[in-house]
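Mapping the sequence shown onto the working numbering, position 131 (from 1) lands on 1015, and the numbers just tick up by one.
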Amino acid sequence: MSTETDATLSRFKHPLCYVMGSLYIVAGVMHFVIPDAYVQIIPPAFPRARELVYLSGIAEIALGVGVILPQTRRVAAWGLVALLIAIFPANVYMATSGVVLTGAPEFVQNPSATARWARLPLQAVLILWAWWYTHPTPSDDG
């Protein structure tokens, strides 16, 4: 990347951590608001699906807060990378199983095959976004 591109990206890095953190906090809260929707996408091979939903919800909330705070941003970013890798099997299961998410808002209950499969590369984008914060820059200090 050019120095100009680096400078442009750098300008957005700090504000985007608030966007990312907020998205994870909201997503984590949703694990408690509509847990049954999340339980449905846990692969059957995984035991205690409801507990996994709650655990991942707690992790998303904690890591979302952590990535917002400069003191914990780097560690939280590594945690998000690990979490996104850990939940990848749920996205694969959702893409391959045709689960209808009963209990979820109607507009997301039965996503198209394209939307289901699009989640898989989106996961890589989310991992790269979190990984960006594992390498602090002077603008990360808040």
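Glycine included, C-beta positions come from ideal geometry on N, C-alpha and C.
From the options, residue whose alpha carbon lies closest to that of residue i
i: residue 979; options: 987, 916 and 995; result: 995
i: residue 910; options: 948, 919, 934 and 960; result: 948
i: residue 987; options: 1000, 917 and 1018; result: 917
i: residue 1000; options: 972, 946 and 960; result: 972
i: residue 925; options: 946, 1009 and 984; result: 984
Proximity of residue i and residue j at Cβ, strictly below 8 angstroms
i: residue 964; j: residue 1014; result: yes
i: residue 1017; j: residue 958; result: yes
i: residue 942; j: residue 912; result: yes
i: residue 975; j: residue 939; result: no
i: residue 1007; j: residue 968; result: yes
i: residue 931; j: residue 977; result: no
Residue i, buried or exposed, once every other Cβ within 10 Å from all chains shown has been counted against 16
i: residue 953; result: exposed
i: residue 1019; result: exposed
i: residue 945; result: buried
i: residue 997; result: exposed
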